[in-house]
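In this text, residue positions in the sequence shown follow the working numbering: the first is 467, and each later residue adds one.
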Amino acid sequence: MQIPVEGFMYPNEVELQWSILIVLYPFITGLVAGAFILASLERVFRVQAVKPTYRLALLTALAFLLVAPLPLQLHLGHPERSLEMYLTPHRSSAMAMFGFVYLWYLMAVLLLEIWLDYRRDIVVMSQKESGWKRLVYRVLTLGSSNISERSLHIDERLGYFITLIGIPSAFLLHGYVGFIFGSIKANPWWSSPLMPIVFVFSAMVSGIAAVMLIYMFSSRLRGREIDMRCLDTIARYLLYTFIIDFSLEMLDLLQRVYEADESFRSLDFMVHTRLWTSQVIVQILLGTVTPIALMGLTQFVRLTETTRKRVYGLAGCLTLMGIFAMRWNVVIGGQLFSKSFLGYTTYKMAFATREGLLPALILMILPFVILWVLVKLLPPWLESSPAPVISAAAPARGIN
467 MQIPVEGFMY
477 PNEVELQWSI
487 LIVLYPFITG
497 LVAGAFILAS
507 LERVFRVQAV
517 KPTYRLALLT
527 ALAFLLVAPL
537 PLQLHLGHPE
547 RSLEMYLTPH
557 RSSAMAMFGF
567 VYLWYLMAVL
577 LLEIWLDYRR
587 DIVVMSQKES
597 GWKRLVYRVL
607 TLGSSNISER
617 SLHIDERLGY
627 FITLIGIPSA
637 FLLHGYVGFI
647 FGSIKANPWW
657 SSPLMPIVFV
667 FSAMVSGIAA
677 VMLIYMFSSR
687 LRGREIDMRC
697 LDTIARYLLY
707 TFIIDFSLEM
717 LDLLQRVYEA
727 DESFRSLDFM
737 VHTRLWTSQV
747 IVQILLGTVT
757 PIALMGLTQF
767 VRLTETTRKR
777 VYGLAGCLTL
787 MGIFAMRWNV
797 VIGGQLFSKS
807 FLGYTTYKMA
817 FATREGLLPA
827 LILMILPFVI
837 LWVLVKLLPP
847 WLESSPAPVI
857 SAAAPARGIN
């Protein structure tokens with residue numbers, strides 16, 4: 467496969483080292499962090515309006531978190547060697563330390579919070595179901611079948627404490643991804659102190675938008691009415707977060723324009739040529755300005771419920787498209803110019819290769835398959851919660 471090259475390129479710069487899979491890596495981890503932040507609004511900040519999406523957000527975060535390391539595994543030449551970073555940790559390697567950040571967030575935060583929140587339901591289902599489902603739920607109880615009022619109160623307090631820890635952990639998870647790019651001094655497109663902060667806020671934007679769309683789609687699929695108070699509140703938080711994210715990106719852009727160092731002419735050429743469509747048209751106009759304007763419209767103009775649902779659905783889809791374009795422009799765009807600033811290359815994406823379009827599509831579909839299984843096993847809907855079971859210790863309280 468011949469790759470068009472213009473100007474002077476170093477030999478190792480002709481072919482891009484990071485492909486579409488590395489674009490998916492920050493995009494998927496961003497969905498995880500954003501979904502967890504949305505869930506924390508109800509648990510920590512007591513925003514009762516978003517309560518219908520609390521458990522759904524947790525399960526969404528778990529589904530995407532399980533898939534998050536797979537793009538990196540497919541990218542590795544010897545994926546079986548990835549276990550070495552746990553056996554021989556190297557503190558000077560940002561990528562190696564990510565494995566510990568990932569395990570901390572998965573095992574100590576997300577899984578534990580979901581188990582504590584669902585423990586009462588798991589115990590009830592272990593007594594109610596039969597066959598293989600009964601066995602699965604019994605395994606999930608981890609030997610704890612006490613659902614007395616005191617026990618559930620301890621679960622609630624412990625879950626609250628874990629969520630408090632989980633909020634900075636979510637920031638760390640995706641801020642760490644931004645740190646990996648921002649710390650690469652050799653690439654002026656990435657090397658910015660604002661990169662981790664921009665990644666964190668864009669992660670919040672993408673995660674909130676994803677949960678909003680999943681909630682709307684699942685409600686229609688189940689034939690249930692959408693809680694408009696919940697939907698309006700989610701859209702309002704999405705709008706506020708998006709405005710902050712866009713402001714930070716514009717601040718980074720203004721700094722680059724004002725500083726205008728030796729790399730500015732090359733970066734300016736990239737934006738006006740190879741990245742014009744993906745950055746200016748898709749990311750900024752369609753994926754940022756348009757959804758902000760649509761959601762802002764709902765704050766100043768009284769629209770019907772049906773119209774607001776359509777506006778939120780369109781804004782959510784455009785938001786995810788814009789955030790994905792941002793990840794594309796950072797990962798792919800940052801490799802299209804030479805370190806000499808005298809040459810440019812292009813990226814041609816294959817289809818049925820290890821790092822082609824087909825594996826990328828499979829990796830994007832896989833979290834939704836996992837989420838479907840999780841929803842079947844642990845229903846997040848408040849009305850689907852099983853009836854209370856009276857234990858010998860004390861009557862069990864309802865689900866928060």
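The beta carbon of each residue, even a glycine, is placed where N, CA and C say it ideally should be.
Taking residue i as the reference, give the member of the options with the closest Cα.
i: Arg688; options: Glu481, Ile494 and Trp838; result: Trp838
i: Asp718; options: Cys696, Ala675, Thr743 and Ser657; result: Ser657
i: Leu786; options: Val677, Leu482 and Leu608; result: Val677
i: Val605; options: Ile620, Trp581 and Ile613; result: Trp581
i: Leu524; options: Ile494, Val513, Pro470 and Asp583; result: Asp583
i: Leu528; options: His541, Leu497, Leu553 and Pro518; result: Leu497
i: Ser649; options: Ile620, Gly565, Ser559 and Glu622; result: Ser559
i: Ile836; options: Pro535, Glu546 and Thr526; result: Thr526
i: Tyr813; options: Asn795, Lys805 and Val567; result: Asn795
i: Met561; options: Pro492, Gln514, Ala501 and Tyr703; result: Pro492
Mapping the DSSP letters down to three states, classify residue i as helix, strand or coil.
i: Lys481; result: This sequence places Glu at residue 481; Lys is not what is there. Three-state result, Glu481: coil.
i: Phe530; result: helix
i: Phe807; result: coil
i: Glu728; result: coil
i: Glu472; result: strand
i: Val590; result: helix
i: Ile486; result: helix
i: Ser614; result: coil
i: Gly689; result: coil
i: Trp598; result: helix
i: Tyr681; result: helix
i: Ile798; result: coil
Whole angstroms are fine: how far does the CA of residue j sit from the CA of residue i?
i: Gly632; j: Arg521; result: 15 Å
i: Leu618; j: Asp727; result: 59 Å
i: Trp847; j: Ile494; result: 24 Å
i: Arg768; j: Gly762; result: 11 Å
i: Pro537; j: Leu827; result: 11 Å
i: Leu608; j: Leu572; result: 18 Å
i: Met563; j: Val666; result: 18 Å
i: Gly644; j: Ser592; result: 42 Å
i: Phe712; j: Arg690; result: 34 Å
Can you have a look at residue i and say buried or exposed, based on whether 16 or more other CB atoms are within 10 angstroms of its CB?
i: Asp587; result: buried
i: Trp655; result: buried
i: Ser610; result: exposed
i: Ala640; result: Position check: residue 640 holds His in this sequence, whereas Ala was assumed. His640 should be labelled buried.
i: Arg740; result: buried
Please state whether the Cβ-Cβ distance between residue i and residue j is less than 8 Å.
i: Val516; j: Ile700; result: yes
i: Leu679; j: Ile758; result: no
i: Met792; j: Ser668; result: yes
i: Val510; j: Tyr681; result: no
i: Lys775; j: Ile692; result: yes
i: Val533; j: Pro825; result: no
i: Leu808; j: Phe817; result: no
i: Ile486; j: Glu821; result: yes
Counting only beta-carbon atoms, is residue i nearer than 8 Å to chain C?
i: Leu624; result: Looking for chain C here will not work: only one protein chain is present.
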